[in-house]
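Have a look at the structure below before the remarks.
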Amino acid sequence: MRLHHYSLLTFTIITASYSQLAIADLKHQCLLGVPQFTGEVIQGDQTNLPIYIEADRAIIHQLNKATYIGDVDIQQGNRLLNAEEVNVEQNGEHSRNAYLRGAFSYQDALIHATGRDARVNLTHLESELAQVDYQLVGRQGRGKADNVVVNQTRRRMKNATFTACLPDDNAWAIDASEMVQHIEEEYAEMWHARFKVMGVPIFYSPYLQFPIGDRRRSGLLIPNISHSSRDGYIYSQPFYWNIASNADMTITPTYFSRRGWQISPEYRYLMPIGEGKIAAEYLHDDELPSWRNKDRSRHLLFWQHNANFLTNWRFTADYTRVSDRHYFSDFNSQYGHNTDGYASQHFKLGYYQPRYNISITAKKFQTFDESGSKPYRVFPQIDFNFYQRNVLNRTNFSLFAQIARFENNSHEMPRAWRFHLEPALDIPFVSRLGSVNVETKLYATQYAQQAGQQAVEKIKKNVTRVLPQLKVDLSTTLVATKPLFNTFNQTLEPRLQYLYRPYVDQKVIGPSSRYNLGLGYDSALLQQDYFSLFEDRRYSGLDRIASANQITLGGTTRLFNSKTGAEIFNLSAGQIYHLNPSRVDSLAGNSTAKRSSSWAIESNWKLHQHWNWHSTYQYDTRLNETALANMSLQFKLNMDKVIQLNYRYASKNYIDQNLSHNRYGQDIKQVGMTAGWELTDNVSLMVGYYQDIALKKPVESQFGITYNSCCWNVSLYTARSLASTPQGKHDTINDIYYNNHFGINFELRFGTHYNNGVSRMLKRGIIPYTEAFNIN
């Protein structure tokens with residue numbers, strides 16, 4: 001009999017490995033009870049490899065038969081067999097069988113098995129085992145079978161069981177009269193399958209498939225069950241279809257007891273023409289009593305695509321459209337959010353070179369407000385960008401050109417072609433003291449406008465606008481000579497910018513203010529922060545360009561750890577000083593009556609390795625009040641352990657100056673918190689709560705808890721959140737409607753992932769968790 005020698009080092013390693021059980025995460029704990037293959041896995045055909053047999057004694061009957069007795073080990077390639085008695089018989093050159101008598105163990109790179117009596121073909125990778133207890137190698141999966149036939153591609157079992165739970169854990173198991181495990185395809189088939197929980201049968205299926213590996217398989221996914229005070233009981237049963245290695249589809253029927261059936265297919269693809277996703281949601285008849293449009297289906301269509309082809313060509317599509325403006329308020333969709341004010345349909349085809357690019361774009365927006373005005377769609381929009389360095393002794397030249405066509409669904413609204421040229425010259429001066437950048441630019445725009453079919457106001461057919469611009473930008477970085485508090489290195493980065501652009505009358509561009517605040521075809525007032533103070537324009541689009549004769553003064557100070565060099569703190573502040581009032585022809589912030597603009601402050605502070613603080617503040621000098629204020633304080637050990645406190649403020653005057661209808665008439669003051677925490681390797685929870693201080697009413701409260709084990713998990717979720725005003729009821733700021741939601745989700749795990757669910761739970765709710773910190 002062979003002696004096994006264990007060195008002190010080996011004993012120490014084994015002891016240390018098992019002592020990690022108390023501190024290992026769930027995945028490592030689960031895999032500690034799973035056998036692992038030792039040594040190097042031999043690939044390819046193993047039938048021609050030599051056979052090694054060791055035993056206490058051997059009886060050679062003749063050249064083609066032998067009996068081995070006492071702790072018999074047989075090894076060939078990855079296969080290792082052990083039994084007390086083995087008879088080996090050889091019939092010709094191509095048939096050699098080993099018959100294992102009594103208790104045996106069988107091991108290879110994929111499975112470990114014990115049982116009584118077996119036949120192993122040593123010439124072909126085929127074995128027949130009886131009364132087997134088996135366990136998969138390197139992953140969870142074990143069971144029993146009366147008879148197992150193993151070959152190179154499959155394992156066929158009679159009267160078999162399977163579970164992904166560890167030994168001594170009988171949380172769930174599947175019994176079947178016959179089971180076939182496909183080794184290469186990594187899935188199992190069962191006939192007359194009975195699903196048991198704690199040994200009690202609760203489900204029967206004449207046929208069943210499930211994965212035993214990491215490969216994607218078609219089949220039913222875990223259902224979701226929930227209840228909503230608005231929608232009633234909700235049941236979703238997703239079905240996954242593995243179409244090909246580069247394409248799949250998930251089809252999810254959902255039943256709302258108060259609305260009816262919704263079908264939601266999602267198709268993903270990765271092909272030579274590009275990668276993307278196509279999805280839809282469809283509810284034929286919304287039976288909710290408060291829904292008035294009974295004759296209309298409620299649906300969503302989503303398409304996202306990205307393609308690079310022919311070396312320099314790119315195509316992108318981002319298309320979302322819904323049946324009605326209440327859709328994202330009434331349905332929890334992953335393709336849009338109820339805080340979005342619009343859905344966009346955007347297509348772009350472009351050709352790109354190092355110094356220039358050209359693209360053609362189609363854009364359309366579906367808005368969800370009640371103003372009745374319709375946004376313009378743009379097609380075609382042809383953009384050309386060109387850039388050339390050092391055209392005249394350090395002078396850089398750039399050119400932006402655009403041709404755009406604007407149309408509107410409303411017959412009253414005008415239509416137009418816009419032709420725009422924007423050449424620019426900039427001269428940078430850089431030294432060790434800092435940098436100065438002088439830029440001159442020209443906005444040259446021509447409009448060809450056509451009045452609407454039912455227009456009651458005249459519109460000027462041809463409009464030419466030419467606006468020159470001069471900008472001088474100075475910046476430098478000053479470094480303190482001595483560390484602050486003997487701990488921090490400090491920098492000061494002041495920045496000074498002068499911008500000049502004359503005023504040009506633009507009232508004749510686009511529809512009148514009675515339709516859209518007089519903002520033209522595609523302009524909108526941009527939200528201001530510190531970094532936008534140094535931008536050229538206050539409006540997006542090209543239809544409204546405000547005059548400017550202004551000086552912008554700002555700066556940033558940073559603190560760095562003097563030992564590690566890591567950034568600890570930064571503070572940025574800035575303000576625009578108008579030498580002359582800024583003018584533009586629109587109702588939304590059409591002038592700066594005072595000399596100074598809103599000023600903005602932004603700060604980030606890494607208080608500790610795990611603590612971050614972020615805040616922004618904006619004071620509007622036109623309103624003479626605080627316009628916006630936000631603050632976030634976060635404690636984060638890792639993505640599975642995070643707590644975030646938030647405060648949000650927006651003044652009613654700041655909100656109302658951007659609205660044309662239905663003034664909000666109320667400050668927004670919200671304080672709240674979101675927390676996700678892995679309490680143990682098995683238990684994780686999420687808590688969220690937001691209160692509107694101005695209304696003295698909660699905005700949202702939610703709680704979720706997940707229990708994880710090695711082979712199953714269960715999640716409970718409950719929430720109470722603001723809902724859209726029911727159809728037919730008056731919608732005012734004081735009409736508050738809540739939707740109470742409760743859900744439960746049970747998931748079986750086949751040893752493929754160990755997600756604790758924290759990140760998924762943090763994405764729930766109308767105010768999901770986000771990170772706004774620029775110091776990591």
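Here the UniProt record's numbering is used: the first residue of the sequence shown is 1, the next is one more, and so on. C-beta: ideal position from N, C-alpha, C; glycine also. Keep in mind that this is a model prediction, so the values were computed, not measured.
Contact under 8 Å by Cβ, residue i with residue j
{"i": "N293", "j": "D330", "result": "no"}
{"i": "S651", "j": "D640", "result": "no"}
{"i": "L122", "j": "Q76", "result": "yes"}
{"i": "W261", "j": "P272", "result": "no"}
{"i": "I509", "j": "D543", "result": "yes"}
{"i": "F488", "j": "N561", "result": "yes"}
{"i": "W172", "j": "V149", "result": "no"}
{"i": "T440", "j": "H420", "result": "no"}
{"i": "G174", "j": "F195", "result": "The sequence as given places Ile at residue 174; Gly does not occur at that position. In contact: I174 and F195 (Cβ atoms closer than 8 Å)."}
{"i": "residue 782", "j": "R558", "result": "Lying before the first or after the last residue shown, residue 782 is absent from the chain, which here runs from 1 to 776."}
{"i": "M249", "j": "E275", "result": "no"}
{"i": "F162", "j": "G143", "result": "yes"}
{"i": "L301", "j": "A280", "result": "yes"}
{"i": "E126", "j": "A118", "result": "no"}
{"i": "I222", "j": "N755", "result": "no"}
Inter-residue Cα distance where the pair is residue i and residue j
{"i": "F429", "j": "F397", "result": "15 Å"}
{"i": "S709", "j": "G743", "result": "20 Å"}
{"i": "Q758", "j": "L748", "result": "First, the amino acid is wrong: residue 758 is Val here, not Gln. Spanning the two alpha carbons is a distance of roughly 18 Å."}
{"i": "A55", "j": "H124", "result": "23 Å"}
{"i": "I693", "j": "I766", "result": "17 Å"}
{"i": "S290", "j": "Q450", "result": "42 Å"}
{"i": "I775", "j": "S572", "result": "14 Å"}
{"i": "G70", "j": "Y134", "result": "23 Å"}
{"i": "N653", "j": "T706", "result": "43 Å"}
{"i": "H61", "j": "L81", "result": "22 Å"}
{"i": "P768", "j": "L762", "result": "6 Å"}
{"i": "L110", "j": "F569", "result": "53 Å"}
{"i": "S721", "j": "Q691", "result": "11 Å"}
{"i": "N682", "j": "R155", "result": "33 Å"}
{"i": "V463", "j": "A719", "result": "55 Å"}
{"i": "S105", "j": "S177", "result": "24 Å"}
{"i": "A16", "j": "Q702", "result": "Its pLDDT being 36, under 50, A16 is placed unreliably by the model, and nothing is read from it."}
{"i": "A66", "j": "N97", "result": "11 Å"}
{"i": "residue 777", "j": "Y649", "result": "Any answer about residue 777 is impossible in this case: the structure gives the chain only from 1 up to 776."}
{"i": "S95", "j": "L679", "result": "58 Å"}
{"i": "Y99", "j": "P50", "result": "18 Å"}
{"i": "T481", "j": "Q497", "result": "27 Å"}
{"i": "A588", "j": "A524", "result": "Unreliable positioning characterises A588 in this predicted model, as indicated by a pLDDT of 46, which lies under 50. The coordinate reading is nonetheless provided below. Rounded to whole angstroms, A588 to A524 spans 9 Å at the Cα level."}
{"i": "Y356", "j": "N385", "result": "5 Å"}
{"i": "W677", "j": "G434", "result": "46 Å"}
{"i": "N630", "j": "Q381", "result": "37 Å"}
Environment of residue i [buried if 16+ CB atoms lie within 10 Å]
{"i": "K363", "result": "buried"}
{"i": "Q203", "result": "Before going further, note that residue 203 is Phe rather than Gln in the sequence given. That one is exposed."}
{"i": "N170", "result": "exposed"}
{"i": "N48", "result": "exposed"}
{"i": "G672", "result": "buried"}
{"i": "A83", "result": "buried"}
{"i": "H730", "result": "Interpretation of H730 is limited by its pLDDT of 47, a score under 50 that renders its predicted location unreliable; no figure is taken from the coordinates."}
{"i": "L136", "result": "buried"}
{"i": "Q618", "result": "buried"}
{"i": "N91", "result": "exposed"}
{"i": "S547", "result": "buried"}
{"i": "D168", "result": "exposed"}
{"i": "T552", "result": "buried"}
Neighbour flag for residue i against chain E, beta carbons, 8 Å
{"i": "K458", "result": "Given the protein chain composition of this structure (a single chain), no chain E is represented."}
ask   = Which runs of the alpha helix (DSSP H), 4 residues or longer, sit entirely within the segment 471–538?
value = 513–516
request  = At 3 residues or longer, and completely inside the segment 586–647: list those beta strand (DSSP E) runs for me, N to C.
outcome  = 596–608, 611–620, 625–638
query = Which runs of the beta strand (DSSP E) fall wholly inside the segment 684–718 and span at least 3 residues, in chain order?
reply = 697–708
ask   = Using 8 Å as the Cβ pair cut-off and three pairs as the minimum, do the segment 194–202 and the segment 213–230 touch?
value = no
task = Taking 8 Å as the threshold, find out whether the segment 222–241 comes into contact with the segment 204–212 through three or more Cβ pairs.
result = no
key: 3-residue-minimum beta strand (DSSP E) runs that sit fully inside the segment 414–470, ordered along the chain   = 415–431, 434–450
ask   = Counting only runs that start and end within the segment 356–383, where is the beta strand (DSSP E) found for 3 or more residues in a row?
value = 356–367
key: Residue ranges of each beta strand (DSSP E) within the segment 72–153, 3 or longer   = 79–90, 96–107, 111–121, 126–136, 142–150
Whole alpha helix (DSSP H) elements within the segment 232–307, 4-residue minimum = none
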